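Asks:
In our numbering, the protein residues as written are 25 to 93.
In structure tokens:
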């Protein structure tokens, strides 16, 4: 829970640096960074899910399916 609160507090600081008044009204730099971070997170999530699927598949094939990721 502390990590969630800390992240929420830091997001206000980071957000104010990404979306500066000088970049108004389109905030191109802020939105570009935002889209890049979201894309990286999506890619990491996809890679993690593929990794879990492969590990489960290998364990089933070897007969060692102790638990599923």
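Virtual Cβ for every residue (Gly too), placed ideally from N, Cα, C.
Treat the numbers as computed from the prediction; the structure is a model and nothing was measured.
1. Could you round the C-beta distance between residue 42 and residue 62 to whole angstroms and report it? I think they count as a contact, below 8 Å.
2. Looking at the secondary structure, which residues open and close the alpha helix (DSSP H) in which residue 83 lies?
3. Cα separation between residue 66 and residue 86?
4. Measuring only the C-alpha atoms, how far is residue 123 from residue 35?
5. Going by DSSP in three states, residue 44 sits in which element: helix, strand or coil?
Replies: According to the data block:
1. Along the chain shown, read from residue 1 onward, the residue named residue 42 stands at position 18. Along the chain shown, read from residue 1 onward, the residue named residue 62 stands at position 38. Wrong, their Cβ atoms sit about 13 Å apart, outside the cutoff.
2. Within the chain shown, numbered from 1, the residue matching residue 83 stands at position 59. Element bounds for residue 83: 52-86.
3. Taking the chain shown and counting its residues from 1, the one referred to as residue 66 is at position 42. Taking the chain shown and counting its residues from 1, the one referred to as residue 86 is at position 62. Going from the Cα of residue 66 to the Cα of residue 86 covers about 30 Å.
4. Residue 123 lies beyond the stretch modelled for the chain, which goes from 25 to 93, so this question has no answer here.
5. For this step, residue 44 is matched to residue 20 along the chain shown. Correct three-state label for residue 44: coil.
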